[in-house]
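A short worksheet on the structure shown next.
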Amino acid sequence: MMAENSSSPNPVSDMEGHTSTLKRKYDEEDEDSCPRKLQLTEERHSQKVASHYNTLQECGLEERNKSRILHMRNFNNWLKSILIGEILEQVRQERRDVCVLDLGCGKGGDLLKWRKGHISRLVCADIAAVSVEQCQQRYNDMKRKCHPNERIFSAEFITADCTKELLSDKLKDAEMKFDVCSCQFVYHYSFESHEQADTMLRNACERLRPGGFFIGTTPDAYELVKRLELSDSNSFGNEVYSVTFQKKGEYPLFGCQYDFNLEGVVNVPEFLVYFPLFEEMAKKYNMRLVYKKTFYEFFQEKIKNEQNKLLMQRMSALEQYPADDRSKLASENPEEYEHAKGKSECADVRLPLGTLSKSEWEATSIYLVFVFEKMS
Ligand SMILES: C[S@@+](CC[C@H](N)C(=O)[O-])C[C@H]1O[C@@H](n2cnc3c(N)ncnc32)[C@H](O)[C@@H]1O
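Take the sequence shown: its letter number 95 is residue 95 in full-length UniProt numbering, and every next letter is one higher.
Here it is as structure tokens:
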């Protein structure tokens with residue numbers, strides 16, 4: 001049985017008279033004291049992660065536009081765009097040639113952001129070989145199609161389990177230094193054991209220049225446990241997502257596994273990332289936490305900026321409420337939009353509004369944004 005959960009308020013933004021938004025082109029075993037068994041379990045998890053992402057189909061634009069969670073995906077993408085854009089801007093104040101490590105790059109969902117940020121060099125790494133191939137293909141296509149005058153960044157692609165293998169051993173240039181490491185929706189896979197979380201951190205931070213940044217997005221352990229404790233079972237969620245823990249009441253620092261299911265697709269096991277521990281572990285690599293916000297806090301902060309707001313409209317990151325003749329709400333259930341209805345009835349509100357359905361918001365508000373800086 002799924003429980004109602006208490007997430008932060010649903011985002012509602014005025015759309016400043018834009019009645020239409022431009023659609024963007026665009027197994028588990030208990031932890032055991034037997035080291036051999038533990039190692040086997042870890043190997044199985046790694047294989048599962050790789051094969052899960054390798055077999056995920058790349059769906060076309062048309063298919064994606066039909067998704068129940070289209071706006072949530074766009075919202076997440078908007079958030080990453082802002083985070084990446086702001087960090088690159090900061091780095092570029094000090095350096096002209098910017099080198100980036102995209103740790104857990106997937107199929108290259110952030111390539112356009114790197115292009116837009118005018119970086120010089122990109123290293124993409126992921127455990128899933130098929131994803132890395134697709135990422136490389138996407139990069140090659142982008143390069144081929146770009147304007148002859150545009151200088152596209154050079155790129156290198158590495159298939160590796162970044163919780164177990166050192167990227168330094170695989171880089172073409174062993175001396176390479178990065179200005180930014182971006183780890184989007186990935187770091188939680190490493191919290192299976194201390195060793196794995198540490199190796200992932202080492203990969204993220206050891207080749208960062210002083211003043212460089214380690215940025216990312218990851219589920220907020222506090223939010224996950226809060227929702228679990230409010231549930232009357234080991235699960236919670238709604239019509240778009242569900243999270244299932246193996247146990248309630250015991251949350252080990254490493255290997256605290258849960259299954260995340262989004263839009264009916266059973267995902268691979270993830271592990272709770274207890275942020276104060278993450279922050280402490282990062283000190284080993286001379287990293288200082290400079291920014292940490294929940295997605296809601298991040299939204300509230302960034303939406304105040306007109307450029308960010310415009311980008312949100314262009315990326316169709318919030319859906320239009322109420323819908324007009326040309327649009328349709330993601331859910332037909334009015335309860336999904338009670339928050340927006342309430343706001344739309346206020347006297348001083350300009351319509352239409354931009355929002356996310358309640359279920360999508362509950363799914364995305366599990367996450368947080370972090371930025372660490374490398375100290376000299
Ligand atoms: C949710 S996807 C995010 C992809 C991309 N960062 C993005 O934001 O679009 C998680 C990615 O992490 C990768 N991943 C998971 N465990 C990993 C590991 N141990 N080493 C490297 N990549 C890993 C998966 O293969 C997958 O591509």
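Every residue, glycine too, gets a C-beta built ideally from N, C-alpha and C.
Here the structure is a predicted model, which means the values were calculated and not measured.
Backbone CA spacing between P9 and G264 [nearest angstrom]
The residue labelled residue 9 in the question sits at position 9 within the sequence shown. The residue labelled residue 264 in the question sits at position 264 within the sequence shown. One C-alpha to the other measures close to 24 Å.
Taking DSSP as the reference, what is the three-state secondary structure of L224?
Counting from 1 along the sequence shown, the entry for residue 224 is found at position 224. Three-state DSSP puts L224 in a helix.
At a threshold of 8 Å, does G85 count as lining ligand 1 (C-beta to nearest heavy atom)?
As a working note, residue 85 is residue 85 in the sequence shown. No, Cβ of G85 sits at least 8 Å from all heavy atoms of ligand 1.
Between the alpha carbons of V268 and Q320, how many angstroms are there, rounded?
Taking the sequence shown and counting its residues from 1, the one referred to as residue 268 is at position 268. Taking the sequence shown and counting its residues from 1, the one referred to as residue 320 is at position 320. Answer to the nearest angstrom: the Cα atoms are 33 Å apart.
Tell me, which residues are paired with R121 by DSSP?
For the purposes of this step, residue 121 is taken as residue 121 along the sequence shown, with counting starting at 1. Bridge partners of R121: C99, S154.
Where does K309 land, buried or exposed, given buried means 16+ other C-beta within 10 angstroms?
In the sequence shown, counting from the first residue as 1, residue 309 sits at position 309. It counts as buried.
For P334, does the count of other Cβ atoms within 10 angstroms reach 16, so buried, or fall short, so exposed?
Taking the sequence shown and counting its residues from 1, one reaches residue 334 at position 334. Counting Cβ neighbours within 10 Å, P334 comes out exposed, since fewer than 16 surround it.
For Y258 and H188, I'd like the C-alpha separation in whole angstroms.
The residue labelled residue 258 in the question sits at position 258 within the sequence shown. The residue labelled residue 188 in the question sits at position 188 within the sequence shown. C-alpha separation (whole angstroms): 11 Å.
Do F298 and L83 count as a contact pair if the criterion is CB distance below 9 Å?
Your numbering for residue 83 matches position 83 in the sequence shown. Your numbering for residue 298 matches position 298 in the sequence shown. Contact flag set, yes.
For ligand 3, any of its heavy atoms closer than 8 Å to the Cβ of F185?
Within the structure as shown, ligand 3 is missing, the only ligands being ligand 1.
Quick one, which of Y241, L208, G211 has its alpha-carbon nearest L224's?
Along the sequence shown, read from residue 1 onward, the residue named residue 224 stands at position 224. Residue Y241 is the option with its Cα nearest to L224.
Is C205 helix, strand or coil when you go by DSSP?
Start at 1 with the first residue of the sequence shown, and residue 205 comes out as number 205. Helix.
Top-ranked residue by Cα proximity to K293, from I366, E336, L201
As a first step, residue 293 must be located in the sequence shown, where it is residue number 293. For K293, the nearest C-alpha among the options comes from I366.
In this structure, what does DSSP give as the bridge partners for I215?
On the sequence shown, residue 215 is found 215 positions in, with the first residue counted as 1. Per DSSP, S182, V371.
K293 lies in the alpha helix (DSSP H); which residues open and close that run?
Locating residue 293 in the sequence shown gives position 293, where the first residue counts as 1. Looking at the DSSP string, K293 is not in any alpha helix (DSSP H); the run it does join, the beta strand (DSSP E), is 287-294.
Using a Cβ-based criterion (distance less than 8 Å to any ligand heavy atom), does A128 qualify as near ligand 1?
On the sequence shown, position 128 is the one that residue 128 refers to. Yes, Cβ of A128 sits closer than 8 Å to a heavy atom of ligand 1.
Sort out for me which residues DSSP pairs F236 with in a bridge.
The residue given as residue 236 occupies position 236 in the sequence shown. DSSP, once it has assigned bridges, lists V243 as partnering F236.
E360 classed as buried or exposed, judged by whether at least 16 other C-beta atoms fall within 10 angstroms:
In the sequence shown, residue 360 corresponds to position 360, counting from 1. Under this definition E360 is a buried residue.
Straight-line gap, G106 to S182 (C-alpha atoms, nearest Å):
Taking the first residue of the sequence shown as position 1, residue 106 is located at position 106. Taking the first residue of the sequence shown as position 1, residue 182 is located at position 182. Rounded to the nearest angstrom, the two C-alpha atoms are 12 Å apart.
Residues near E336 by beta carbon distance below 7 Å, same chain, minus five either side
Reading the sequence shown from its first residue, position 336 is the one you call residue 336. S357, K358, S359.
Helix, strand or coil: which one does DSSP assign to S46?
Taking the sequence shown and counting its residues from 1, the one referred to as residue 46 is at position 46. Helix.
Taking Cβ to Cβ, would you say L101 is nearer than 9 Å to L167?
Within the sequence shown, the letter at position 101 stands for residue 101. Within the sequence shown, the letter at position 167 stands for residue 167. Yes, the Cβ-Cβ distance between L101 and L167 is below 9 Å.
Identity of the residues DSSP links to N140 by a beta bridge:
Sequence index remark: in the sequence shown, residue 140 carries index 140 (1-based). Answer is none; N140 lacks a bridge partner.
Find out if the Cβ-Cβ distance for the pair Y285, R227 is shorter than 9 Å.
As a first step, residue 285 is located in the sequence shown; it is residue number 285 there, counting from the start. As a first step, residue 227 is located in the sequence shown; it is residue number 227 there, counting from the start. No.
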